[in-house]
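What follows is a single structure, written as structure tokens, with notes after it.
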Amino acid sequence: MNILIIEVTLRASWVHSLKEKRMIVKSIIQKLKNKFNISVAEIENQDIHNTIVIGIAGICANSAQLDSTMEHITTFIECNTDAEIIDIQKEDMKY
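Under this note's numbering, think of the first position of the sequence shown as 54, with each following residue one higher.
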């Protein structure tokens, strides 16, 4: 069993309020949950309107599936939001 942990930092420079940010965050979180059946939450910088930090966790059967899932999640985020990805930190644990 492998545990997938990803922290994605996005910049939405056009966002000028926390209300606008919430709409973007809720949308991408719900899309990720529906598509990949993973746990997703905004984990940092909730009070900064143009920075979004999303934490993602999931369980994969093997390391090949883990690598594939990481790649698909990253691509999905790039394609489904106008926000710019500025950092991705990936970690995997094997049990």
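Even glycine gets a Cβ: it sits at the ideal position worked out from N, Cα and C. This structure is a prediction, so every number in the text was calculated from the model and none was measured.
Next on the checklist: Cutting at 8 Å between CB atoms, please list the residues of its own chain near SER116, excluding the five before and the five after it.
Outcome noted: ASN55, ASP145, LYS147
Next on the checklist: Would GLY111 and GLU95 be called neighbours here (beta carbons separated by less than 9 Å)?
Outcome noted: no
Checklist entry - When burial is assigned at 16 or more other CB atoms within 10 Å of the CB, is CYS113 buried or exposed? => result buried
Next on the checklist: Tell me the rounded alpha-carbon separation between ILE126 and VAL61.
Outcome noted: 10 Å
Checklist entry - In angstroms, rounded to a whole number, what distance separates the CA positions of SER121 and ALA65? => result 27 Å
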